[in-house]
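Engineer:
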Amino acid sequence: MSSLRLAVIGTGVIGQAHARRIARDSSCLLVAVCDSDSRCRSLATELNTGFFLDAEELLEQETLDGVIIATPNASHSALATTCLRRGLPVLIEKPIADTTEAALAIVAVAEETGVPVLVGHHRRHSSAIQQARTLLQEGAIGELIAVSLLWTLKKPDDYFEADWRCRRPGGGPVMINLVHELDTLRFLCGEIHRVYAQAGSPTRQLEVEDSVAISLSLESGVIATLLACDNTPAPWSYEATTHENPLYFETCENCYHFLGTEGGLAFPRLDIWRYDDPNAVGWQHPLAHHSRTTQQVDPLDLQLRHFLDVVRGDAESLLDARDAARTLAVAHAVLESIQTQQPVEPAL
0 MSSLRLAVIG TGVIGQAHAR RIARDSSCLL VAVCDSDSRC RSLATELNTG
50 FFLDAEELLE QETLDGVIIA TPNASHSALA TTCLRRGLPV LIEKPIADTT
100 EAALAIVAVA EETGVPVLVG HHRRHSSAIQ QARTLLQEGA IGELIAVSLL
150 WTLKKPDDYF EADWRCRRPG GGPVMINLVH ELDTLRFLCG EIHRVYAQAG
200 SPTRQLEVED SVAISLSLES GVIATLLACD NTPAPWSYEA TTHENPLYFE
250 TCENCYHFLG TEGGLAFPRL DIWRYDDPNA VGWQHPLAHH SRTTQQVDPL
300 DLQLRHFLDV VRGDAESLLD ARDAARTLAV AHAVLESIQT QQPVEPAL
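Mapping to numbering that gives the first Met the number 0: the sequence shown position 156 is 155, numbers consecutive.
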């Protein structure tokens, strides 16, 4: 089987992560990286690959099987539609675009051309997430009633040296970070019908929020809460608890709790609490504790392997453009609710 020829457009932190994974995977070839900043040429030199300043030149000059787009969100739509019209499958970093309209433009071209899109909400590829989804779908805790999600950590001061992270649109934890939590909630528990959110920045006093409380109503009738703060030294975040990202200090806590009619599930430890004796049910009786184990594999590696399968035509995209547009619509509904102080139904 010949190696698939891939290019990465955008060489920020996540673009570099994609490029390095491609470079070390024998089933694909990193043909080139592209970035409008000439200082990024050093990555191409390090990985012994081509370098382009202009994406159009890259697409004109190189023969490719697929493209990874890891540029700022506002450029996703134009780049993705250009690739799709050339017949090139794309992996677009999350979120799919900066606006719902831009996301729908990608959806329209993808559905018109039939060229596949995979959007980089990489947690869907996590073995722990996949196992949690299986447990919920198989009824390990009965019928799901409610969900509680925490995302709490301390961003270092130098994080905010990138000015765009401090401003609207695009900055703030809702669009940068919590879009992951919202997509994960959709993937595990179903579509989100309505959100109500409050936010503030009492400590940093930036234009963007540092704390958010979101109440979510799902189409199934399940209710969920998501509490987030990025200015607290707390251990309850997906990144710290799953140990999937080596940049984060690792804790042995749980960050999500799923509450069902027959038990509770804590993630990512996959602890299940329930009554084992059906004749001894109620708060006066002891709960039994059961633990599950899962093999830890870097979800970005798994995502790349899946993208290669999608490019070959061996798999359907785990997260296509329309699915990702729904997650973006939920994130925008959260921001609208923060602004209006009213419940909002996502536009898609």
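Think of the CB as a built atom: it goes at the ideal place given N, C-alpha and C, for glycine as much as any other residue.
1) State the start and end residues of the unbroken alpha helix (DSSP H) segment that holds residue 325.
2) Let me make sure I understand the geometry here. Which of 280, 215, 64 and 74 has the alpha-carbon closest to that of residue 85?
3) Taking the beta strand (DSSP E) that residue 255 belongs to, which residues open and close that run?
4) What is the DSSP secondary structure of residue 159, reduced to helix, strand or coil?
5) Roughly how far, in whole angstroms, is the beta-carbon of residue 90 from the beta-carbon of residue 105, given that I think they are within contact range, below 8 Å?
6) Would you check if the distance between the CB atom of residue 273 and the CB atom of residue 286 is smaller than 8 Å?
7) Give the list of continuous beta strand (DSSP E) stretches no shorter than 3 residues that lie fully inside the segment 261-302.
8) Whether or not the segment 244-263 and the segment 207-215 are in contact is what I'm after, with contact meaning three or more pairs of Cβ atoms, one per stretch, closer than 8 Å; do they touch?
9) Per DSSP, which residues does residue 32 bridge with? Please list them.
10) Buried or exposed for residue 123, going by 16 or more other Cβ atoms inside 10 Å?
11) In this structure, does DSSP put residue 95 in helix, strand or coil?
12) Taking buried to mean at least 16 other C-beta atoms within 10 Å of its own C-beta, is residue 36 buried or exposed?
13) Quick check: does the Cβ of residue 247 come within less than 7 Å of any heavy atom belonging to the ligand FAD?
14) Whole angstroms are fine: how far does the CA of residue 69 sit from the CA of residue 50?
15) Measure the C-alpha to C-alpha separation of residue 129 and residue 168 and round it to an integer number of angstroms.
16) For residue 348, which residues of its own chain have a beta-carbon under 8 Å away from its beta-carbon, when the five flanking residues on both sides are left out?
17) As a quick exercise: from 13, 296 and 111, pick the residue whose alpha carbon is nearest that of residue 32.
18) How big is the Cα-Cα spacing for residue 297 and residue 27?
19) Compute the distance between the beta-carbons of residue 342 and residue 328, then report whether it is under 8 Å.
20) Taking residue 120 as the reference, give the member of 347, 30 and 177 with the closest Cα.
21) I'd like the list of long-range same chain contacts for residue 153, defined as Cβ closer than 8 Å, with 5 residues on each side in sequence excluded.
Structural biologist: Considering the structure as presented:
1) Residue mapping note: residue 325 aligns to position 326 of the sequence shown, counting from 1. Looking at the DSSP string, the run of the alpha helix (DSSP H) that includes residue 325 is 320-339.
2) Here residue 85 refers to the residue found at position 86 of the sequence shown. Ranking 280, 215, 64 and 74 by Cα distance to residue 85 puts 64 first.
3) One-based indexing of the sequence shown puts residue 255 at position 256. First-last of the beta strand (DSSP E) with residue 255: 255-259.
4) Against the sequence shown, residue 159 aligns to sequence position 160. Three-state result, residue 159: helix.
5) Looking up residue 90 in the sequence shown gives position 91. Looking up residue 105 in the sequence shown gives position 106. Incorrect: roughly 12 Å between the Cβ atoms, too far for contact.
6) Taking the first residue of the sequence shown as 1, we reach residue 273 at position 274. Taking the first residue of the sequence shown as 1, we reach residue 286 at position 287. Yes, they are a contact pair.
7) 263-266, 270-273 and 287-290
8) no
9) Within the sequence shown, residue 32 is the residue found at index 33, counting from 1. DSSP lists 7 and 50 as partners of residue 32.
10) Taking the sequence shown and counting its residues from 1, one reaches residue 123 at position 124. When all chains shown are included, residue 123 counts as buried.
11) Indexing the sequence shown from 1 puts residue 95 at position 96. Coil.
12) Mapped onto the sequence shown, residue 36 falls at position 37. Residue 36 should be labelled exposed.
13) Inclusion of the ligand FAD in the displayed structure is not the case, the ligand content being empty and no account of it being possible.
14) To locate residue 50, count along the sequence shown from 1; it is residue 51. To locate residue 69, count along the sequence shown from 1; it is residue 70. Their Cα atoms are separated by approximately 15 Å.
15) Locating residue 129 in the sequence shown gives position 130, where the first residue counts as 1. Locating residue 168 in the sequence shown gives position 169, where the first residue counts as 1. Approximately 32 Å, taken between the alpha carbons.
16) A question about residue 348 goes unanswered here, because the residues of the chain that appear run from 0 up to 347.
17) Here the question's residue 32 lines up with position 33 in the sequence shown. Considering only alpha carbons, the answer is 13.
18) Counting from 1 along the sequence shown, the entry for residue 297 is found at position 298. Counting from 1 along the sequence shown, the entry for residue 27 is found at position 28. Approximately 18 Å between the Cα atoms of the pair.
19) Along the sequence shown, one-based indexing puts residue 342 at 343. Along the sequence shown, one-based indexing puts residue 328 at 329. Cβ distance not < 8 Å, so residue 342 and residue 328 don't count as in contact.
20) Sequence index remark: in the sequence shown, residue 120 carries index 121 (1-based). The residue with the shortest Cα to Cα distance from residue 120 is 177.
21) Start at 1 with the first residue of the sequence shown, and residue 153 comes out as number 154. Around residue 153: 229, 230, 231, 232 and 233.
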